[in-house]
Amino acid sequence: MTETPNPYIIDADTLTGEMHPIRRAVIALGSNLGDRLAALQGAVATLADTPDVWVTAVSPVYETEPVDAPEGSEAFLNAIVLADTTLPAHTLLDRALAIEDAYDRQRPATHNAPRTLDVDLIVLGDRLSHEDRLRLPHPRAAERAFVLQPWFDIEADAQIPGVGTVKELLEATDRSGIALREDLVLEVE
Ligand SMILES: Nc1ncnc2c1ncn2[C@@H]1O[C@H](COP(=O)(O)OP(=O)(O)OP(=O)(O)O)[C@@H](O)[C@H]1O
Ligand SMILES: Nc1nc2c(c(=O)[nH]1)N=C(CO)CN2
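Here the numbering used here = 1-based position in the sequence shown + 61.
This is the structure:
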């Protein structure tokens, strides 16, 4: 006879493992190469499939003019994902980079070269980080309409810790280069 596990017995890993608080993660997605919508949709699905990550909201999709990108770059599709997670910051970053790699993201030497998929961590709770490998909050988010607008759409009272409210930051940003794509919708299973 097979033994039914007793749900009241806590296994050793749970007792000795490091516990992490639940924190809110704000994740920015961007693509300006190949099937842009498929890349964004794949990133949402993969994040939603990630253990200890619970996707709570996905923004509308915006078509956006390239900012600080090489001459002749194509327009981006951008969106924001909100998730609750118990993952430590570096584990979540590694997951984001692995999702980029899964979409064949090349890492050419050219600054801001076209990319099939970019997955950036914008904020993770109140976590601050000043390493090259992980900067939190994301240092360029506060001036990027392609991050602030979709984020504001799904969280009107959002804040960038230590920086300000997304509403005020957005009001101070040039929004002329972004356009809502109502015809493109990202699904969460
Ligand atoms: N908050 C963050 N989110 C994602 N990557 C980060 C973050 N902070 C630092 N990095 C590091 O940045 C590197 C990614 O650089 P990448 O060339 O993708 O920048 P980018 O996303 O193109 O530009 P930008 O950061 O201006 O959006 C990664 O190796 C990662 O370790
Ligand atoms: N419109 C737009 N411009 C960009 C973007 C992006 O996602 N959207 N990402 C960049 C580097 O990550 C640089 N420039």
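By construction, the Cβ of each residue, glycine as well, lies at the ideal position given by its N, Cα and C atoms. Since we're looking at a predicted model, the values are computed, not measured.
Does the region 178 to 198 come close enough to the region 141 to 156 to have 3 or more Cβ pairs within less than 8 Å? yes
Note down the Cα distance separating residue 191 from residue 200, rounded to an integer number of angstroms. Along the sequence shown, read from residue 1 onward, the residue named residue 191 stands at position 130. Along the sequence shown, read from residue 1 onward, the residue named residue 200 stands at position 139. For residue 191 and residue 200, the distance between alpha carbons rounds to 9 Å.
Three-state secondary structure (DSSP) of residue 124: Against the sequence shown, residue 124 aligns to sequence position 63. Three-state DSSP puts residue 124 in a strand.
Take residue 250 and list the residues in its own chain whose beta-carbon comes closer than 7 Å to its own, dropping the five residues that flank it on each side. As a position in the sequence shown, residue 250 is number 189, starting the count at 1. Result list for residue 250: 106 and 109, in chain order.
Can you give the beta carbon distance from residue 217 to residue 228, rounded, assuming they're within the 8 Å contact cut? Position 156 of the sequence shown holds residue 217. Position 167 of the sequence shown holds residue 228. Contact flag correct, Cβ pair sits at about 7 Å.
Rounded to whole angstroms, what is the Cα-Cα separation between residue 235 and residue 172? As a working note, residue 235 is residue 174 in the sequence shown. As a working note, residue 172 is residue 111 in the sequence shown. Rounded to whole angstroms, residue 235 to residue 172 spans 22 Å at the Cα level.
Beta carbon of residue 138 nearer than 8 Å to that of residue 119: Reading the sequence shown from its first residue, position 77 is the one you call residue 138. Reading the sequence shown from its first residue, position 58 is the one you call residue 119. Not closer than 8 Å, so no.
Any heavy atom of ligand 2 closer than 7 Å to the CB of residue 130? Numbered from its first residue, the sequence shown carries residue 130 at position 69. Checking the Cβ of residue 130 against ligand 2 gives yes.
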